[in-house]
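Numbering (the working numbering), first residue to last: 106 to 294.
The C-beta atom is built at its ideal place from N, Cα and C for all residues, glycine as well.
Listed below in structure tokens is the structure:
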């Protein structure tokens, strides 16, 4: 109370008395949401630690630092271990074709999406030239991985001799070869 034994007070004064709630015991864990509500209501200090687990679904509770029924003391911190899901090691997709990558992603339960990175000098169309996560990286099932594919190999053409040709002849030749031709005029006649 806010007064101790033997204090003298006036009749009608208010005495504030704090009553014990009793022992606080760890609850049986069901869901992380239920734990959060219980911990917040009881002002329990807690930490959440995420780790890979091949048998417990992603975001489900693996274990806690306190068992159900354990006494929680004022300065205790309850640690809840939550599953990141099954661990997957990212393979090297570079130089693989798109259909093989799709099969491997499905097999590993990875979410793979594709973008095109442009033309290259040596890599054929739909062959991986980059990936958003390095091979050897450990991730959870369902992680999204962006694979950059080649748009194909640059086509190369031999330029013909344009000296003595008309602008129309040169334009037609450029169009047939898939080139863009820009024209400039000499400064003098």
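Subject >> Beta-carbon separation (whole angstroms), residue 153 vs residue 187, contact threshold 8 angstroms >> reply: Here residue 153 refers to the residue found at position 48 of the chain shown. Here residue 187 refers to the residue found at position 82 of the chain shown. Between residue 187 and residue 153 the Cβ distance is about 6 angstroms, and since that is below 8 angstroms, they are a contact.
Subject >> Contacts around residue 132, its chain only, beta-carbon distance under 7 angstroms, and the 5 residues preceding and following it disregarded >> reply: For this step, residue 132 is matched to residue 27 along the chain shown. Closer than 7 angstroms at the Cβ level, and outside the excluded window around residue 132, lie 143 and 173.
Subject >> Three-way DSSP call (helix, strand, coil) for residue 286 in this model >> reply: As a working mapping, residue 286 is identified with position 181 in the chain shown. Three-state DSSP puts residue 286 in coil, outside helix and strand.
Original post:
Short check: CB of residue 204 to CB of residue 228, under 8 angstroms?
Top reply: As a working mapping, residue 204 is identified with position 99 in the chain shown. As a working mapping, residue 228 is identified with position 123 in the chain shown. No, the pair does not count as a contact, with Cβ atoms beyond the cut-off.
Original post:
Quick one: what's residue 257 bridged to in DSSP?
Top reply: Start at 1 with the first residue of the chain shown, and residue 257 comes out as number 152. Note: residue 257 sits in a beta bridge opposite 224.
**OP:** Note down, in chain order, each residue of its chain lying with its Cβ closer than 6 angstroms to the Cβ of residue 238, except the 5 sequence neighbours on either side.
**Re:** Within the chain shown, numbered from 1, the residue matching residue 238 stands at position 133. Cβ neighbours of residue 238 beyond the five flanking positions: 195 and 250.
Original post:
Nearest CA to the CA of residue 218: which residue from 150, 108, 198 and 226?
Top reply: Along the chain shown, one-based indexing puts residue 218 at 113. Among 150, 108, 198 and 226, the Cα nearest to that of residue 218 is on 198.
Original post:
Using the beta-carbon count (16 or more within 10 Å), is residue 269 buried or exposed?
Top reply: Here residue 269 corresponds to residue number 164 of the chain shown, with the count starting at 1. Result: exposed.
Original post:
Buried or exposed: which applies to residue 210, given that a residue is buried once 16 or more other Cβ atoms fall within 10 Å of its Cβ?
Top reply: What you label residue 210 is simply residue 105 of the chain shown in a count that begins at 1. Label assigned to residue 210: buried.
Subject >> Under the three-state DSSP convention, the category residue 246 falls into >> reply: For the purposes of this step, residue 246 is taken as the residue at position 141 of the chain shown. Correct three-state label for residue 246: coil.
Original post:
Exposed or buried, residue 236, counting other C-beta atoms within 10 Å across all chains shown (16 or more means buried)?
Top reply: Here residue 236 refers to the residue found at position 131 of the chain shown. It is buried - the Cβ of residue 236 has at least 16 other Cβ atoms within 10 Å.
**OP:** Would you mind working out which of 206, 149, 164 and 178 sits nearest residue 189, comparing C-alpha positions?
**Re:** The count along the chain shown starts at 1 and reaches residue 189 at position 84. The residue with the shortest Cα to Cα distance from residue 189 is 164.
**OP:** Please list, in chain order, all residues of the same chain as residue 180 whose beta carbon is under 7 angstroms from its beta carbon, the five residues on each side excluded.
**Re:** Taking the chain shown and counting its residues from 1, one reaches residue 180 at position 75. Cβ within range, chain order: n/a, list empty.
**OP:** Would you mind sorting residue 140 into buried or exposed? The rule is 16 or more other CB atoms within 10 Å of its CB.
**Re:** For the purposes of this step, residue 140 is taken as residue 35 along the chain shown, with counting starting at 1. Classification of residue 140: buried, given that the 10 Å Cβ count is 16 or more.
Original post:
Can you tell me whether DSSP reads residue 141 as helix, strand or coil?
Top reply: If you number the chain shown from 1, residue 141 lands on position 36. Residue 141: helix per DSSP, three-state reduction.
**OP:** Give every residue of the same chain whose Cβ lies closer than 7 angstroms to the Cβ of residue 147, excluding the five residues on either side of it in the sequence, and list them in chain order.
**Re:** Within the chain shown, residue 147 is the residue found at index 42, counting from 1. If we look at residue 147 and ignore the five residues flanking it on each side, its Cβ neighbours are 129.
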